[in-house]
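A short write-up of the structure that comes next.
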Amino acid sequence: MSARVPTDTSADDSSLRLLAVSELEIEGRLLDASNVALRVWVTDGETRMSAVYKPIRGERPLWDFPDGSLAGREWASWLISDLTGWGFVPPTVLRDGPLGTGTVQQWVGPLDGRHDPEFVRIDSPNDVPEGNIAVLSAQDEADRPLVVSHADTPRLRSLATFDAVLNNADRKASALLADDEEFWAIDHGLCLHHEEKLRTVFWGFAGDPIEDADLIVLQALSAQLQETEVVDQLGSVLDAAELDALSSRVHALLATGVMPEVPFDRHPLPWPLW
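As structure tokens, this is what we get:
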């Protein structure tokens, strides 16, 4: 295991510039990704950064998302994360690369693989950690009962609010990466559709009041979504219906002050859960 050194993911101009303009040195393909994802190195003088490059040409077609749109959604999700100050998504740019246009996102966490922060667990009913919120009942191969639960922290509640804003259709447990005492959220290609598609493992917060601090963030975001520069940036990768739906979701969260309820007219969970 590599040393657990916190990744500097501050989205300053220098890190974004490094991701945006440096030559991409491909190290290899990440085989557990559903679309083509390549680990790359970007270098500028003595500054060297590991990153993930997801070319549009490597996106497999989906029946419910427009072809070739996932990279743009990844970048737009980073932009919203950055605008709000939530800072869940590592610095991300949309740029040209060896396999064409795609996202390049700073690698977070250990270089030798993902570290599971155990925010989502599966246990026997008697072993669910105190304070965790049960989400799903299941059975193992021997028909013994199991419970899927998730932790309850202010940061996770903020993430759930962020996912509600994004209309995230694929919030798996494996899309959270631990990095020292922090966690980061990745894999936002299935976000920002105009139709309701929220699928998440964090339904334990359904119907709960939104944290006061997150309501303040949403109020600021609502105003930002009216700014010409922000509209132009998001409009470069989202269509008008998707932009309108984004603003409507923010307004609805502010109007109700509560997290979305679990839908019963469609499947609410990502699959697999991890």
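Just so we're aligned: the sequence shown equals residues 19 to 292 in our numbering. We put the beta carbon where it would ideally sit given N, CA and C, even for glycine. Keep in mind the model is a prediction, meaning the values are calculated, not measured.
Alpha-carbon to alpha-carbon, residue j and residue i
{"i": "GLY253", "j": "LEU239", "result": "16 Å"}
{"i": "ALA273", "j": "LEU233", "result": "10 Å"}
{"i": "ASP26", "j": "ALA160", "result": "Any reading at ASP26 must be qualified, since the residue scores a pLDDT of 45, below 50, and its modelled position is unreliable; the value itself is stated next. Near 45 Å, if we compare the C-alpha coordinates of ALA160 and ASP26."}
{"i": "GLU77", "j": "GLY63", "result": "32 Å"}
{"i": "ALA6", "j": "LEU194", "result": "Any property of residue 6 remains undetermined from this structure, which presents the chain solely from 19 to 292."}
{"i": "ASP145", "j": "GLY207", "result": "34 Å"}
{"i": "ASP31", "j": "ALA152", "result": "41 Å"}
{"i": "LEU256", "j": "LEU174", "result": "27 Å"}
{"i": "THR61", "j": "LEU216", "result": "37 Å"}
{"i": "TRP289", "j": "ARG47", "result": "22 Å"}
{"i": "HIS211", "j": "TRP96", "result": "15 Å"}
{"i": "TRP93", "j": "VAL165", "result": "34 Å"}
{"i": "LEU287", "j": "PRO281", "result": "10 Å"}
{"i": "LYS72", "j": "ILE204", "result": "12 Å"}
{"i": "ARG22", "j": "PHE137", "result": "For ARG22, the predicted model reports a pLDDT of 32, less than 50, meaning its position is unreliable and no value from the coordinates is stated."}
{"i": "ARG267", "j": "ALA182", "result": "8 Å"}
{"i": "LEU56", "j": "ARG113", "result": "14 Å"}
{"i": "PHE180", "j": "LEU154", "result": "22 Å"}
{"i": "LEU291", "j": "PRO109", "result": "25 Å"}
{"i": "LEU264", "j": "ARG66", "result": "36 Å"}
Residue i classed as buried or exposed, judged by whether at least 16 other C-beta atoms fall within 10 angstroms
{"i": "VAL58", "result": "buried"}
{"i": "LEU116", "result": "Looking at the sequence provided, one finds Pro at residue 116 rather than Leu. Label assigned to PRO116: exposed."}
{"i": "VAL219", "result": "buried"}
{"i": "GLU279", "result": "exposed"}
{"i": "ARG189", "result": "buried"}
{"i": "ILE228", "result": "buried"}
{"i": "ILE44", "result": "exposed"}
{"i": "LEU49", "result": "exposed"}
{"i": "GLY225", "result": "exposed"}
{"i": "ALA231", "result": "exposed"}
{"i": "MET19", "result": "Because the pLDDT of MET19 is 27, which lies under 50, any placement of that residue in the model is unreliable, and the number read from its coordinates should be weighed accordingly. The residue is exposed, with fewer than 16 neighbouring Cβ atoms inside 10 Å."}
{"i": "TRP202", "result": "buried"}
{"i": "SER28", "result": "Because SER28 carries a pLDDT of 46, less than 50, the predicted location of this residue cannot be relied on, and the following value inherits that uncertainty. Answer is exposed; the Cβ neighbour count stays below 16."}
Contact check, residue i vs residue j, beta carbons under 8 Å
{"i": "ALA89", "j": "LEU37", "result": "no"}
{"i": "VAL111", "j": "VAL122", "result": "yes"}
{"i": "GLY222", "j": "HIS285", "result": "no"}
{"i": "LEU101", "j": "VAL276", "result": "no"}
{"i": "ARG162", "j": "SER176", "result": "no"}
{"i": "ASP170", "j": "ASN150", "result": "yes"}
{"i": "LEU271", "j": "LEU236", "result": "yes"}
Host beta strand (DSSP E) of residue i (start-end)
{"i": "PRO172", "result": "Counting along the chain, PRO172 falls outside any beta strand (DSSP E), though it belongs to the alpha helix (DSSP H) covering 172-184."}
{"i": "LEU195", "result": "194-197"}
{"i": "GLU45", "result": "42-47"}
{"i": "ILE140", "result": "138-141"}
{"i": "SER167", "result": "163-168"}
First through last residue of the alpha helix (DSSP H) which encompasses residue i
{"i": "GLU247", "result": "246-253"}
{"i": "GLY90", "result": "88-102"}
{"i": "ILE234", "result": "230-242"}
For residue i: DSSP bridge partner residues
{"i": "PHE201", "result": "ALA196"}
{"i": "TRP59", "result": "GLU43 and SER68"}
{"i": "THR121", "result": "LYS72 and LEU112"}
{"i": "VAL276", "result": "PRO227"}
{"i": "ARG189", "result": "THR218"}
{"i": "SER155", "result": "VAL165"}
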